[in-house]
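Asker: The structure follows.
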Amino acid sequence: MFMSHLSLAWPEVVLMAAACLLLVWGAFHGKVTALFNGVAVLALIAAAVLAMVGPHGSAFAGGLISDPISAFAKVFIYGFSAVAILLSDRWLARQGEAKFELTVLIVLAALGMGVMASAGDLISLYMGIELHSLALYVLAAYRRDDAKGSEAGLKYFVLGALSSGLLLYGASLIYGFAGSTQFPVIAAAVQDGGAQGGVLFGLVFLICGIAFKVSAAPFHMWTPDVYEGAP
Numbered sequence: 001m002f003m004s005h006l007s008l009a010w011p012e013v014v015l016m017a018a019a020c021l022l023l024v025w026g027a028f029h030g031k032v033t034a035l036f037n038g039v040a041v042l043a044l045i046a047a048a049v050l051a052m053v054g055p056h057g058s059a060f061a062g063g064l065i066s067d068p069i070s071a072f073a074k075v076f077i078y079g080f081s082a083v084a085i086l087l088s089d090r091w092l093a094r095q096g097e098a099k100f101e102l103t104v105l106i107v108l109a110a111l112g113m114g115v116m117a118s119a120g121d122l123i124s125l126y127m128g129i130e131l132h133s134l135a136l137y138v139l140a141a142y143r144r145d146d147a148k149g150s151e152a153g154l155k156y157f158v159l160g161a162l163s164s165g166l167l168l169y170g171a172s173l174i175y176g177f178a179g180s181t182q183f184p185v186i187a188a189a190v191q192d193g194g195a196q197g198g199v200l201f202g203l204v205f206l207i208c209g210i211a212f213k214v215s216a217a218p219f220h221m222w223t224p225d226v227y228e229g230a231p
């Protein structure tokens, strides 16, 4: 049973293992090499291939869903993450900012987005969003000696924590009124009309939290400063 569930999560398992390997590798060697970035790119490509050829279905009590839409999203996410690693290599070397943490952060951010693409309930959605956001918090403050970079990281972290609180509060309201965190059950509760008002009230907070994360208006006031200070 566990292996059948795990077969749907192989892309995430590959990226998680690659991130751990790269962290240990970077901690001992400390230098970014072509081989180091190559391993990260190969891991992202392997995860994209596994997402395309892997089986479809749901796993972990409906928390993880594998279907053609999520597979397409993962291929898109992992492909552009690999391109970001390749394009950032030379620029960071010219700026004297080449550190192994950047590659690891991109892999972790891609992992979080992949979990979001396959999320089947509010818990896995929140885990994916936070994994992605935590990597971006550090990435925004990547240039530690730069005042704008530190300001960007701090501002992103504080407002990100606020949006996470809104998201969690909305999720708790939805769970309380719908009786489940799974998206199909929540949709059925709204259609039945019994818990419609309470679920919609929770959705307001949930959407506000997500809007902060994606800098959708009118929750985009943090975006210019963070983008200016980020590498």
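To convert, note that position 209 of the sequence shown is 209 in this note's numbering; the numbers rise steadily by one, no gaps.
The C-beta atom is built at its ideal place from N, Cα and C for all residues, glycine as well.
Note that the structure is a prediction, hence the values are computed from the model and not measured.
1) Output needed for Ser-66: all residues of its chain with C-beta closer than 7 Å, excluding positions within five of it in sequence on either side, in chain order.
2) Taking just the CA atoms, how far does Arg-143 sit from Val-158?
3) Taking DSSP as the reference, what is the three-state secondary structure of Asp-67?
4) Closest to Ala-84 by CA distance: which of Leu-131, Gln-191 and Leu-139 is it?
5) Going by C-alpha to C-alpha distance, which of Ile-123, Ala-43 and Ile-77 sits closest to Phe-60?
6) Along the chain, where does the beta strand (DSSP E) containing Ala-59 start, and where does it finish?
7) Enumerate, from N- to C-terminal direction, the unbroken alpha helix (DSSP H) stretches of 4 or more residues contained entirely within the stretch 76-136.
8) How would you label Ala-93, buried or exposed, when you count the other beta carbons within 10 angstroms and need 16 or more for buried?
9) Do Phe-183 and Gly-202 come within 8 Å of each other at the CB atom, strictly closer than that value?
10) Quick check for students: name the residue ranges of the alpha helix (DSSP H) that lie wholly in the stretch 165-211, counting only runs of 4 or more.
11) Out of Lys-74, Ile-106 and Leu-23, point me to the one whose CA is closest to Leu-86's CA.
12) Taking Cβ positions, are Leu-22 and Val-39 nearer each other than 8 Å?
13) When the Cα of Phe-72 is compared with those of Gly-160, Ser-150, Met-113 and Phe-219, which residue comes out closest?
14) Between Ala-82 and Val-41, how many whole angstroms is the CB-CB distance? I'm expecting something under 8 Å.
15) Which of the three DSSP states is assigned to Val-54 in this structure?
16) Do you know whose CA, among Val-199, Val-104 and Gly-128, lies nearest Ile-210's CA?
17) Helix, strand or coil for Tyr-156? Go by DSSP, reduced to three states.
18) Which residue comes first and which comes last in the alpha helix (DSSP H) that contains Gly-26?
19) Assuming the contact rule is C-beta atoms closer than 8 Å, Tyr-156 and Tyr-137 should be a hit. Round their C-beta distance to whole Å, please.
20) If we ignore side chains and look at the alpha-carbon of each, how far apart do Ser-88 and Ser-163 end up?
21) Taking only the alpha-carbon atoms, compute the straight-line gap between Val-214 and Cys-208 and give it to the nearest angstrom.
22) To the nearest angstrom, how far is the alpha carbon of Ile-174 from that of Ala-109?
Answerer: Let me spell this out:
1) Leu-8, Gly-54, Pro-55, His-56, Gly-57 and Ser-118
2) 18 Å
3) coil
4) For the residues Leu-131, Gln-191 and Leu-139, the minimum Cα distance to Ala-84 belongs to Leu-139.
5) Ile-123
6) 57-59
7) 100-117
8) Exposed, because fewer than 16 other Cβ atoms sit within 10 Å of the Cβ of Ala-93.
9) Between Gly-202 and Phe-183, the CB-CB gap reaches or exceeds 8 Å.
10) 183-192
11) Ile-106
12) yes
13) Met-113
14) 5 Å
15) Going by the sequence as given, residue 54 is Gly instead of Val. Coil, per DSSP.
16) Gly-128
17) helix
18) 10-29
19) That pair is a contact at about 6 Å.
20) 29 Å
21) 10 Å
22) 27 Å
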